[in-house]
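Student: In the working numbering, the protein residues as written are 57 to 291.
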């Protein structure tokens, strides 16, 4: 769900492989002091109907390079406030909290090949990538990119840092709060993966007010093989 150059919000619904299924616009239909709650209620309704994970621009959409065409466009502050409301509105409907991804260059980056240049915007209505030829209506590029950035994040491996202690190896991930120590001369890290599996199970997802932690937890829990989902970083 991105800001819209025409005011209100634009959304793109896609499947797990990133195929775009539907585009839509959520316009402001409330008194000025109720606009954000009205928009949030409609986002929640759409997410519920499609059993979707809501993805938003991080930091209120700063640096998304949205072309301003309408004085009704949501400001960065309004969009950030909307994200705050959704963090409790979505869990109330037993939906996961919104995931916020980088908004940098959102409106002139190609959703297919990630080529980022202002030259991709052929006109105010048309987007056409000069690198791969991908074309779309310009107003949907922001929401299409949001969906793609989360999918790319989900396909990336979760980093697990490994540091040498005096007589042991320390494995940790600060986002999850996970730590595990193994003897320094160990050659099989399976005990660490077993401990990580237990840790994830014990967490149980009871921290939906922390979207980043929840996203990492959910990503690892969905993986059939933790070894394939984790990237060890030696320090």
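Beta carbons are placed, not taken as given, at the ideal position from N, Cα and C, and that holds for glycine.
Among residues of its own chain, excluding the 5 on either side of residue 171, which ones have a beta-carbon nearer than 6 Å to its beta-carbon?
Tutor: The answer, listed in chain order, is 185, 187.
Student: Does the distance from the CB of residue 167 to the CB of residue 197 come in under 8 Å?
Tutor: It is a contact, given that the beta carbons lie within the stated cut-off.
Student: Under 8 Å between the Cβ atoms of residue 216 and residue 286?
Tutor: Yes, the pair counts as a contact, with Cβ atoms nearer than the cut-off.
Student: Bridge partners of residue 203, per DSSP?
Tutor: Answer is none; residue 203 lacks a bridge partner.
Student: Going by DSSP in three states, residue 67 sits in which element: helix, strand or coil?
Tutor: Strand at residue 67.
Student: Who are the near neighbours of residue 177 in its chain, counting only those whose CB is closer than 7 Å to its CB and skipping five residues on each side?
Tutor: 164, 183, 194, listed in sequence order.
Student: Which residue marks the beginning of the alpha helix (DSSP H) containing residue 8, and which one marks its end?
Tutor: Residue 8 is absent from the structure shown; the chain starts at 57 and stops at 291.
Student: Express the C-alpha separation of residue 289 and residue 144 in angstroms, rounding to a whole number.
Tutor: Rounded to whole angstroms, residue 144 to residue 289 spans 34 Å at the Cα level.
Student: List the DSSP bridge partners of residue 146.
Tutor: Answer is none; residue 146 lacks a bridge partner.
Student: Please report the distance separating the alpha-carbon of residue 91 from that of residue 137.
Tutor: In a straight line, the C-alpha of residue 91 is about 11 Å away from that of residue 137.
Student: Using only CA atoms, which one of 59, 119, 151 lies nearest to residue 112?
Tutor: Of 59, 119, 151, the residue nearest in Cα terms is 59.
Student: Taking just the CA atoms, how far does residue 245 sit from residue 173?
Tutor: Looking at the two C-alpha atoms, the distance is approximately 44 Å.
Student: Between which two residues does the alpha helix (DSSP H) carrying residue 229 extend?
Tutor: Residue 229 -> not in any alpha helix (DSSP H); beta strand (DSSP E) instead, spanning 224-229.
Student: When DSSP labels each residue in this structure, what does residue 81 get in the three-state scheme?
Tutor: Note: residue 81 maps to strand in three-state DSSP.
Student: If contact is defined by three or more beta carbon pairs under 8 Å, each pair taking one atom from either stretch, is the stretch 198-214 in contact with the stretch 264-281?
Tutor: They touch, by the three-pair rule.
Student: Could you give the residue range of the beta strand (DSSP E) that holds residue 251?
Tutor: Per DSSP, residue 251 belongs to no beta strand (DSSP E); it is in the alpha helix (DSSP H), 246-259.
Student: Keeping to the same chain, check which residues put their C-beta closer than 6 Å to that of residue 78; ignore five residues upstream and five downstream.
Tutor: Around residue 78: 69.
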